[in-house]
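For the sequence shown, UniProt numbering begins at 1 and goes up steadily by one. All C-beta atoms in this analysis are idealised placements derived from N, C-alpha and C, irrespective of residue type, glycine included. Everything below concerns the one structure shown next.
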Amino acid sequence: MFRNLSTLSGSPITNWKEASDLHDVLFIEKEYNLTVPTWVEPYWNELTNVSNLSFFWDFYSSVLHRLRAGPLIQRIIERMNQKINGEIPNLKFQIYSAHDTNIAVVLDALTLFNMIAPPYCSALLFELFEMPDGVKTIRMLYQNSSKVEEKIDPPHILILDGCTEYCPLEYFINYTKFLIPEDWDQECQLDKTFVEKIFERKVEIGWCLFLIANVMAVSLLWKKLSRRQDKKDISAIKYRSLGGP
Numbered sequence: 001m002f003r004n005l006s007t008l009s010g011s012p013i014t015n016w017k018e019a020s021d022l023h024d025v026l027f028i029e030k031e032y033n034l035t036v037p038t039w040v041e042p043y044w045n046e047l048t049n050v051s052n053l054s055f056f057w058d059f060y061s062s063v064l065h066r067l068r069a070g071p072l073i074q075r076i077i078e079r080m081n082q083k084i085n086g087e088i089p090n091l092k093f094q095i096y097s098a099h100d101t102n103i104a105v106v107l108d109a110l111t112l113f114n115m116i117a118p119p120y121c122s123a124l125l126f127e128l129f130e131m132p133d134g135v136k137t138i139r140m141l142y143q144n145s146s147k148v149e150e151k152i153d154p155p156h157i158l159i160l161d162g163c164t165e166y167c168p169l170e171y172f173i174n175y176t177k178f179l180i181p182e183d184w185d186q187e188c189q190l191d192k193t194f195v196e197k198i199f200e201r202k203v204e205i206g207w208c209l210f211l212i213a214n215v216m217a218v219s220l221l222w223k224k225l226s227r228r229q230d231k232k233d234i235s236a237i238k239y240r241s242l243g244g245p
């Protein structure tokens, strides 16, 4: 299939990543009701399957789960604890803008990914509840209507392995504990020298841009003054040619 797609599309398609990128382009064209080539249809289902699986292959390891999904899950837990402790009494909800890949990796990290690419306008909801007995629980919902402009279906209830719809927050924290990075720099294999080098490079670039801007400003000012002087010289010449002293 990859060889045929390379010939038909005019772009090299040699692996699942390139096939997934091709699917994204064609999918967007379809969404905007643009005309796609006739050769697309016979390969469309296979391309869609590759695209769906790419959301799993991109984040298949526990390390990627920790680094890509862990910080967001940690943030959600922190905000819920702050709400419980009365630190943010007026906060009712918090919204994060995300890409389909962000949603997929969180679902995959929680072992809840259904191997289907999150559609446009999909959303994950984490709700905090207090039960009659005082136990704090978390409820997770997944809104993945594929045609939200036509109809918004009720969100799917997500249930963690070994838990229920209203999952005790303590269980959720223990369940996701392995996802929370303890030392970001170490797990990303970043040392201080590396970070310092990045900072130094940014400073160098900043100074270069500053110097370039100053040179351009001086150059423009010089040109402006030169034009004024040229005009004065021309006026003086004209004045003399007309018999002036």
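Item                                                                                                                                           : Value
Under 8 Å by Cβ, that's how I've got Ala109 and His156 pegged, so tell me the actual separation to the nearest angstrom.                       : Not confirmed; about 17 Å, so no contact.
Which runs of the beta strand (DSSP E), 3 residues or longer, sit entirely within the region 130-159?                                          : 136-143 and 156-158
Identify which residue in Thr164, Tyr120 and Asn114 has its Cα closest to the Cα of His99.                                                     : Tyr120
Between which residues of its own chain and Gln94 is the CB-CB distance below 7 Å, once the five residues before and five after are set aside? : Arg79
In angstroms, rounded to a whole number, what distance separates the CA positions of Val105 and Glu182?                                        : 19 Å
Can you tell which of Ile88, Phe55, Asn81 and Asp133 has the C-alpha that lies nearest to the C-alpha of Ile103?                               : Phe55
Put Pro71 into one of helix, strand or coil per three-state DSSP.                                                                              : helix
Can you tell me whether Pro168 is helix, strand or coil according to DSSP?                                                                     : strand
Phe126 bridges to which residues according to DSSP?                                                                                            : Met140
Would you say Leu179 and Lys136 are within 7 Å of each other, going by their C-beta atoms?                                                     : no
Over the uninterrupted alpha helix (DSSP H) stretch that includes His99, give me the two end residues.                                         : Careful: His99 lies outside any alpha helix (DSSP H) and carries neither H nor E.
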